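Novice: One structure, pasted below without further comment.
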Amino acid sequence: MAGVLDSVDQRTRLVGENRLEILLFRLTGAQLFALNVFKIREVLQLPRLTQMPKSHPHVLGVIHLRGQAIPVIDLSAAIGMRAQPVTAESTIIVTEYNQSVQAFLVGAVDRIMNLNWDTVLPPPRSAGRAHYLTAITRLENQRLVEIIDVEKVLAEIVPFNTRVSDALLDPALLNKARGREVLLVDDSPTGINQLRETLSQLELTMHVQTDGLRALRQLQAWADAGEQVSDRLLMVITDAEMPEMDGYRLTSEIRKDPRLKDLCVVLHTSLSGNFNKAMVEKVGCDGFLSKFQPDQLVEVVRERLSRLPD
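Printed below as a string of structure tokens:
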């Protein structure tokens, strides 16, 4: 299946249409899981594995692929299931998140599925692995598919940093940022926590929504109440992939509404940079930022504040 993934140009056709492609696979049981195809580089048989002394228990070792050393993570064990057996026929999914490349050991790979984000729902609170899921969807036969929160998995293996460099937290910036309001949109608790912990150092006031549809309704409610939303909010910082409405569609809907069109919208995403550059141009957001980069996040806020009158 190494050749199944589309190019950036081919994949941009889905953007703004509230659609996504997911790769379905199994781990150690019959349950189907999924990852967003946009984040997958390739699927292949496990190459020779080199052990890494003192590595995290879920890191099985590294492989060398086209001149790059890539860690291999037992995804089943990482989300609290029994460990995935390693055999000569084992399959890995090579992914790119937040400018880092890693491979996940999985069981059988099923197929790629194209669907609408409005058929993708938040996981029920009663789900046993809900804290490792960002969403669920169903196949035509109503079989459940669980979409894994890879950001949480990776954060537990390599904890993310939220501390802003002292040099960036100068008094002038803090005085201008203090009390300004931002809207944060992300379905991943890990993503929201990172934003909160970083932006709290600027003393910003934060509103949070967990998907694009809820965020759009919040913005429309403010506008319906007579608020000048672009004056109230310094910016909207949104994830790209979310249940019900993704960040690209949210941006498109904001630009269509004359009451909201002047809002500053920044994509805060774990998708690859080249892909997001194409998306910025297509949907009209003001920029994009890779997740878990606290200094870069503060620089985006600083740049936005610099365009406002004193």
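So in the numbering used here the end of the sequence shown lands on 324, straight run, no missing numbers. Backbone N, C-alpha and C define an ideal beta-carbon position, used for all residues, glycine too. Since we're looking at a predicted model, the values are computed, not measured.
1. Along the chain, where does the beta strand (DSSP E) that runs through Arg40 open and close?
2. Please classify Val100: does DSSP put it in a helix, a strand, or coil?
3. Comparing C-alpha positions only, which one of Thr42, Ser179, Gln98 and Leu264 sits nearest to Ala254?
4. If you follow the beta strand (DSSP E) that Thr283 is in, where does it begin and where does it stop?
5. Do the stretch 189-198 and the stretch 216-232 make contact, defined as three or more Cβ pairs closer than 8 Å?
6. Mind checking which residues open and close the alpha helix (DSSP H) that includes Ala92?
7. Residues in its own chain within less than 6 Å of Phe118 by CB, not counting five upstream and five downstream?
8. Using only CA atoms, which one of Val57, Pro99, Val279 and Val115 lies nearest to Val325?
9. By Cβ distance, which residues of its chain are closer than 8 Å to Ile171, with the 5 residues on each side in sequence left out?
10. Taking Asp124 as part of the beta strand (DSSP E), name the residues at either end of that continuous run.
11. Residues in the same chain with beta-carbon distance under 6 Å from Ser244, minus the five sequence neighbours each way, listed in chain order, please.
12. Would you mind reading off the limits of the beta strand (DSSP E) that contains Val120?
13. Can you grab the Cα-Cα spacing for the pair Tyr309 / Leu303, in whole Å?
14. Report the partner residues of Arg152 according to the DSSP bridge assignment.
15. Consult DSSP for Ala16 and reduce its assignment to one of helix, strand or coil.
16. Can you tell me where the alpha helix (DSSP H) holding Gly75 begins and where it ends?
17. Should Leu168 be labelled buried (16 or more other beta-carbon atoms within 10 Å of its own) or exposed?
18. Compute the Euclidean distance between the alpha carbons of Arg246 and Leu319, then round it to the nearest angstrom.
19. Taking the continuous beta strand (DSSP E) assigned at Ala48, which residues delimit it?
20. Going by beta carbon distance, what residues of the same chain come within less than 7 Å of Val222, once the five residues before and after it are set aside?
21. Residues in the same chain with beta-carbon distance under 6 Å from Leu285, minus the five sequence neighbours each way, listed in chain order, please.
22. To the nearest angstrom, how far is it from the Cα of Gly17 to the Cα of Gln65?
23. Please report how far the alpha carbon of Thr176 lies from the alpha carbon of Leu311, in whole angstroms.
24. So who's on the other strand from Met220, going by DSSP bridges?
25. According to DSSP, Ile206 sits in a beta bridge with which residue or residues?
26. Along the chain, where does the beta strand (DSSP E) containing Thr109 start, and where does it finish?
27. Within a Cβ cutoff of 8 Å, which residues of the same chain sit near Pro185, ignoring the five residues on either side of it in sequence?
28. So is Gln156 buried or exposed if we call it buried at 16+ other beta carbons inside 10 Å?
29. Which residue wins for smallest C-alpha separation from Leu46, given the options Ala83, Thr212 and Ile150?
30. Quick check: what's the CA-CA separation for Ser266 versus Gly298?
31. When DSSP builds the beta bridges, which residues end up paired with Thr64?
32. Under a Cβ-count criterion, where at least 16 other Cβ atoms within 10 Å of its own Cβ denotes burial, should Leu322 be classed as buried or exposed?
Specialist: Taking the definition as stated:
1. Locating residue 40 in the sequence shown gives position 26, where the first residue counts as 1. Here the beta strand (DSSP E) through Arg40 covers Arg33 to Arg40.
2. Locating residue 100 in the sequence shown gives position 86, counting from the first residue. Of the three classes helix, strand and coil, the one that applies to Val100 here is coil, per DSSP.
3. By one-based count along the sequence shown, residue 254 stands at place 240. If we check each option's Cα against that of Ala254, Leu264 comes out closest.
4. Residue numbering aside, residue 283 sits at position 269 when the sequence shown is read from its first letter. Where Thr283 is concerned, the enclosing beta strand (DSSP E) stretches over Val279 to Thr283.
5. yes
6. As a position in the sequence shown, residue 92 is number 78, starting the count at 1. For Ala92, the enclosing alpha helix (DSSP H) starts and ends at Leu89 to Ala92.
7. Taking the sequence shown and counting its residues from 1, one reaches residue 118 at position 104. Within the same chain, Phe118 has close Cβ partners Ile87, Leu89 and Ile107.
8. Residue 325 falls outside the range modelled here, since the chain spans only 15 to 324, and no answer is possible.
9. Counting from one through the sequence shown, the residue named residue 171 turns up at place 157. Answer for Ile171: His70, His72, Val73, Ile87 and Ala92, listed in chain order.
10. For the purposes of this step, residue 124 is taken as residue 110 along the sequence shown, with counting starting at 1. Looking at the DSSP string, the run of the beta strand (DSSP E) that includes Asp124 is Val123 to Asn130.
11. Counted from its first residue, the sequence shown places residue 244 at position 230. Cβ neighbours of Ser244 beyond the five flanking positions: Asp276 and Leu277.
12. Position 106 of the sequence shown, counted from the start, is the residue given in the question as residue 120. Segment Ser114 to Val120, the beta strand (DSSP E) holding Val120.
13. Translated into the one-based positions of the sequence shown, residue 309 becomes position 295. Translated into the one-based positions of the sequence shown, residue 303 becomes position 289. First, the residue type needs correcting, since residue 309 is Asp and not Tyr in the sequence shown. Taking the straight line from one Cα to the other gives about 11 Å.
14. Indexing the sequence shown from 1 puts residue 152 at position 138. Partner(s): Leu158.
15. The count along the sequence shown starts at 1 and reaches residue 16 at position 2. Because Ala16 sits at a pLDDT of 46, beneath the cut-off of 50, its placement in the model cannot be relied upon, and the following sentence gives the value as read from the coordinates. Looking at Ala16 - three-state DSSP - the assignment turns out to be coil, as it is neither helix nor strand.
16. For the purposes of this step, residue 75 is taken as residue 61 along the sequence shown, with counting starting at 1. Run containing Gly75: none in the alpha helix (DSSP H); it sits in the beta strand (DSSP E), Val73 to Leu79.
17. Counting from 1 along the sequence shown, the entry for residue 168 is found at position 154. By the 10 Å Cβ count, Leu168 comes out buried.
18. Looking up residue 246 in the sequence shown gives position 232. Looking up residue 319 in the sequence shown gives position 305. One C-alpha to the other measures close to 13 Å.
19. Here residue 48 refers to the residue found at position 34 of the sequence shown. Taken as a continuous stretch (DSSP letters only), the beta strand (DSSP E) holding Ala48 covers Leu46 to Asn50.
20. To locate residue 222, count along the sequence shown from 1; it is residue 208. Cβ within range, chain order: Leu198 and Ile206.
21. Position 271 of the sequence shown, counted from the first residue, corresponds to residue 285. Hits under 6 Å: Phe52 and Ala254.
22. For the purposes of this step, residue 17 is taken as the residue at position 3 of the sequence shown. For the purposes of this step, residue 65 is taken as the residue at position 51 of the sequence shown. Only weak support exists for where Gly17 lies, its pLDDT of 45 falling under 50; the value from the coordinates is given anyway. Gly17 and Gln65: Cα-Cα distance of roughly 28 Å.
23. Locating residue 176 in the sequence shown gives position 162, counting from the first residue. Locating residue 311 in the sequence shown gives position 297, counting from the first residue. Approximately 10 Å between the Cα atoms of the pair.
24. Here the question's residue 220 lines up with position 206 in the sequence shown. Answer by DSSP bridge pairing, in chain order: Val196.
25. What you label residue 206 is simply residue 192 of the sequence shown in a count that begins at 1. Bridge partners of Ile206: none, in fact.
26. Residue 109 sits at position 95 when you count from the first residue of the sequence shown. Note, Thr109: beta strand (DSSP E), Thr105 to Tyr111.
27. Counted from its first residue, the sequence shown places residue 185 at position 171. Cβ within range, chain order: n/a, list empty.
28. Mapped onto the sequence shown, residue 156 falls at position 142. Exposed, by the Cβ-count rule.
29. Taking the first residue of the sequence shown as position 1, residue 46 is located at position 32. Nearest of Ala83, Thr212 and Ile150 to Leu46, Cα basis: Ile150.
30. Translated into the one-based positions of the sequence shown, residue 266 becomes position 252. Translated into the one-based positions of the sequence shown, residue 298 becomes position 284. Distance between the alpha carbons of Ser266 and Gly298: 7 Å.
31. Numbered from 1 along the sequence shown, position 50 holds the residue referred to as residue 64. DSSP output for Thr64 lists Val76 as bridge partner(s).
32. Stepping through the sequence shown from its first residue, residue 322 is reached at position 308. Under this definition Leu322 is an exposed residue.
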